[in-house]
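This report concerns only the one structure given below.
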Amino acid sequence: MADLNGKKILACCANGAGSSLMMEKAIDKVFKKYGVKPAELRHCPVSEGKTAARNYDIVFCAKTFIKTFEDAQKSGTLVIPLKNVMSAPEIEKALKENGYL
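Residue numbers for the sequence shown follow my numbering, beginning at 57 and rising by one.
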């Protein structure tokens with residue numbers, strides 16, 4: 057299992073306001089449950105996230121934006137697409153499936 061402590065995490069949505077903030081809170085909820093202390097956890101719009109993603113270990117986004125992060129994936133960033141960006145259980149499941157929990 058990979059360690060999430062010290063990782064840089066980014067949550068992206070269309071405008072970087074409502075949905076990504078709620079996604080960030082859901083990610084934080086999962087992290088608190090497992091005692092994870094990331095180096096950084098922040099949210100932003102997809103337009104900013106597209107270029108910033110390479111500087112993060114993990115990027116969460118809505119499934120509709122997965123292709124936006126193809127370059128980041130090629131450079132080693134794990135991109136986790138979500139059906140419900142506000143679902144802590146879905147985030148937890150995705151992290152487990154990727155070997156982080």
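Every residue gets a Cβ at the ideal spot worked out from N, C-alpha and C, and that includes glycine.
Item	Value
Across the segment 139–156 and the segment 99–113, are there enough close Cβ pairs to call them in contact, namely three or more that are closer than 8 Å?	no
So residue 118 is in the beta strand (DSSP E); what residue range does that whole segment cover?	114–118
Taking only beta-carbon atoms, is residue 70 less than 8 Å away from chain C?	Annotation note: the requested chain C is absent from the structure, which comprises a single protein chain.
Can you name the start and end residues of the alpha helix (DSSP H) that residue 64 belongs to?	Not the alpha helix (DSSP H): residue 64 falls in the beta strand (DSSP E), residues 64–69.
Would you call the segment 117–128 and the segment 92–100 touching, i.e. three or more CB-CB distances under 8 Å?	no
Enumerate in chain order the residues of its own chain whose CB-to-CB distance from residue 159 is below 6 Å, with the five nearest sequence positions on each side excluded.	Residue 159 cannot be examined here, being either before or after the span of the chain that is shown, 57 to 157.
Ignore the nearest five residues each way along the sequence and tell me which others in residue 141's own chain have a CB closer than 6 Å to its CB.	75, 79, 118
Grab the span of the beta strand (DSSP E) containing residue 135 for me, first residue to last.	134–138
Can you tell me the Cβ-Cβ gap for residue 105 and residue 66, rounded? I've got them flagged as a contact below 8 Å.	6 Å
Can you name, in chain order, every residue of its own chain whose Cβ lies under 8 Å from the Cβ of residue 102, other than the five neighbours on each side?	68, 69, 70, 72, 117, 121, 124
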